[in-house]
Ligand SMILES: Cc1cc2nc3c(=O)[nH]c(=O)nc-3n(C[C@H](O)[C@H](O)[C@H](O)COP(=O)(O)OP(=O)(O)OC[C@H]3O[C@@H](n4cnc5c(N)ncnc54)[C@H](O)[C@@H]3O)c2cc1C
Ligand SMILES: Nc1ncnc2c1ncn2[C@@H]1O[C@H](COP(=O)(O)O)[C@@H](O)[C@H]1O
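Chains as they are written, first to last, in the working numbering: chain C, 1 to 307; chain R, 308 to 554.
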């Protein structure tokens, strides 16, 4: 059976839950996965046990303190056996896997949303179409979150490899994000506001609902461009972030093609818009034709009473 | 003096309607443009040159139709325009694309490369880091700001905020939208571009191991449920819990 190498997704120094989905993806590919955990402290690998994974390699190296593409790629490449590389389709892991693939002279297929045998499907043209490719030989793939089921937890059989590499870029400082809110790219539920909110202050109404749901707050480009208070980091869409949450609530957003490009693959979409003909409604599972002023208070109290 | 290369790719205009016929996207009636993020790469490359001196070469891998976007780049202000191509190249996978680009960059004697964070067609974001690895250079991706006081300092988002990263030596920087305004071609630039010559290059590329089976339209979503009036939010909240199971 073909081998695969899953590189664990890390979040705040811990193994992120999407890693369990990567295990299912690797098994769906018909491969036997080995899990690789880049770390400075090997204890994080102890929680990385999944059914279907018989071997975990904790790669311990000083270079893993901060993300540096070249040293991470060199160290992980050296510590990992050959096989199909599988990572989560997050900006950092897509970048990393592209470098490891280049070291190995193999090709990359990013943002995989479906696997049938060795046939992989991913979005092209900002999700306006899908492309299915077939692999021959070793390749590297990144897999979108929320597509594959999470593998069940199992025992972790961890071996430690000391492997580091020279860092080529130096982080001088990190300007901490002003808000402690979840980033849209990390969230399972997102509530986004558009120009229809009328003023940046009205985003507080979205934040209240986000707090109830544990959601992130996003924005359309029109909101980001119109109001300085709404940072580009919140923008969803073709020139913003691509998100794939379980639930996306669009408030006062018309549903322009470039906005859809960033969120159309969300599992469930709710649209709140006063214009019954807004294009967002043709993509919404649940559409509410009403102003946000009359809708959000009702939504907030209904959700609060359920949680 | 910096010898800077900026990678530019010809892609369908992002406003274009995409249609599929016979298992392939039909691009016959589409307007083509420089991939949007590559415009930020061009702007940043020009600022790099303005800070340290040197030249900016726009490089593309593509068939002769791509000459048009090279001339567009020339009109914006790059010094040289180069296209790498071989008519035998059919479906190229990321390995063959990156090999060809890396080989052209080496032939050009470049010491710094800018590219887009993702191309508008693939959406992949593999090329910048992949080319950097082949060159043995550093890379920073999704860069939203660059400054040139002393060395090259870039800003790119990390988990807990935005990192300021110092680059010493050669690197590939992939550019996100960020706060910078991109310059537009002026009349003189457009005149110069008309006369500009595209330099052609070839390269050895490995044969692809990824082949396209089919292209298709995303499944149309079944029509959703539509409600009137703000009070229906009560009902929608229930459906989210009981029907969709997402909260
Ligand atoms: C190259 C390019 C890239 C782009 N990238 C992006 C991108 O990444 N992300 C993005 O979002 N856009 C992007 N755009 C912009 C996009 O085309 C739209 O202009 C933008 O998405 C519109 O934002 P909006 O829906 O908030 O604003 P509008 O189109 O102005 O829509 C506002 C909506 O709010 C509704 N509304 C008004 N008042 C109320 C109320 N009281 N209650 C409820 N509803 C109300 C209106 O009916 C309307 O539908 C891009 C465009 C281009 C050309
Ligand atoms: N064929 C190509 N010719 C020139 N540059 C390219 C080509 N393909 C990709 N690039 C560059 O790499 C970036 C990312 O592309 P991709 O990895 O396909 O998302 C693009 O924005 C371009 O700057």
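C-beta: ideal position from N, C-alpha, C; glycine also.
Since the model is a prediction, treat every value here as computed from it, not as a measurement.
Ranked by Cα distance from residue 501(R), the first of 381(R), 336(R), 405(R) is 381(R). Where residue 390(R) is concerned, the enclosing beta strand (DSSP E) starts and stops at 387 to 391. Rounded to the nearest whole angstrom, the C-alpha separation of residue 241(C) and residue 496(R) is 33 angstroms. At a beta-carbon threshold of 7 angstroms, the residues of chain C lying near residue 405(R) are 102, ordered along the chain. One alpha carbon belongs to residue 166(C), the other to residue 71(C), and they sit about 6 angstroms apart. The count of Cβ pairs closer than 8 angstroms, one atom from the segment 526 to 539 of chain R and one from the segment 408 to 418 of chain R, stays below three, leaving the stretches out of contact.
Residues of the segment 529 to 549 of chain R with a C-beta less than 9 angstroms from any C-beta of chain C: 529, 530, 531, 532, 533, 534, 535, 536, 537, 538, 539, 540, 541, 542, 543, 544, 545, 546, 547, 548, listed in chain order.
Contact with chain R is absent for residue 28(C), since none of that chain's Cβ atoms lies less than 8 angstroms from the residue's Cβ.
Distances from the CB of residue 247(C) to the heavy atoms of ligand 2 are all 7 angstroms or more.
Interface annotation for the segment 468 to 479 of chain R against chain C: 468, 469, 470, 471, 472, 473, 474, 475, 476, 478, criterion Cβ-Cβ distance under 8 angstroms.
Taken in chain order, the whole alpha helix (DSSP H) runs of length 4 or more contained in the segment 2 to 59 of chain C are 18 to 28. Among the CB atoms of chain R, none fall inside 8 angstroms of the CB of residue 144(C). About 7 angstroms separates the CB atoms of residue 126(C) and residue 321(R); that is less than 8 angstroms, so the two are in contact. If you check the CB distance, residue 108(C) and residue 139(C) come in under 8 angstroms. Taking non-hydrogen atoms of ligand 1 into account, the C-beta of residue 94(C) is found less than 7 angstroms away from none of them.
Within the same chain, Cβ atoms closer than 8 angstroms to the Cβ of residue 452(R) are found at 461, 462, 485, 486, 487, the five residues on either side in sequence being excluded. With the rule of 3 Cβ pairs closer than 8 angstroms, the segment 158 to 172 of chain C does not count as touching the segment 113 to 128 of chain C. In the three-state reduction of the DSSP assignment, residue 111(C) falls in the strand class, which pools E and B. Within the model, the alpha-carbon separation for residue 149(C) versus residue 53(C) is close to 15 angstroms. When secondary structure is reduced to three states using DSSP, residue 341(R) falls in the strand class.
Taking the beta carbon of residue 517(R) as reference, the chain C residues within 7 angstroms of it are 107, 109, 133, 135, 139, listed in sequence order. Just so you know, the alpha carbons of residue 438(R) and residue 341(R) end up roughly 19 angstroms apart.
With respect to residue 494(R), residue 385(R) sits apart: the two C-beta atoms are not nearer than 8 angstroms. A residue is called buried when at least 16 other Cβ atoms come within 10 angstroms of its Cβ; residue 526(R) does not meet this threshold and is exposed.
Relative to ligand 2, the nearest heavy atom lies less than 7 angstroms away from the CB of residue 432(R). By the Cβ criterion, the segment 263 to 273 of chain C is in contact with the segment 287 to 300 of chain C, since at least three pairs of Cβ atoms, one from each stretch, lie closer than 8 angstroms. When Cβ pairs closer than 8 angstroms are counted between the two stretches, the segment 382 to 401 of chain R is seen to touch the segment 357 to 373 of chain R, the count reaching three or more. Cβ contact annotation for residue 247(C) (same chain, cutoff 6 angstroms, sequence separation greater than five): 189, 268, in chain order. In terms of Cβ geometry, residue 55(C) and residue 34(C) form a close pair [threshold 8 angstroms].
Apart from the 5 residues on each side of it in sequence, residue 289(C) sits with its Cβ closer than 6 angstroms to the Cβ of 276 in its chain, given in chain order.
The shortest C-alpha to C-alpha distance from residue 89(C) to any of 65(C), 145(C), 4(C) is the one to 145(C). Contact annotation: residue 482(R) and residue 423(R) have beta-carbon atoms nearer than 8 angstroms. Rounded to the nearest angstrom, the Cβ distance from residue 21(C) to residue 143(C) is 7 angstroms, consistent with a contact under 8 angstroms.
For the 8 angstroms CB-CB criterion, residue 215(C) and residue 230(C) do not form a contact. In the DSSP assignment, residue 159(C) is bridged to 57(C). Under DSSP, residue 474(R) takes part in a beta bridge, and its partners are 169(C), 459(R).
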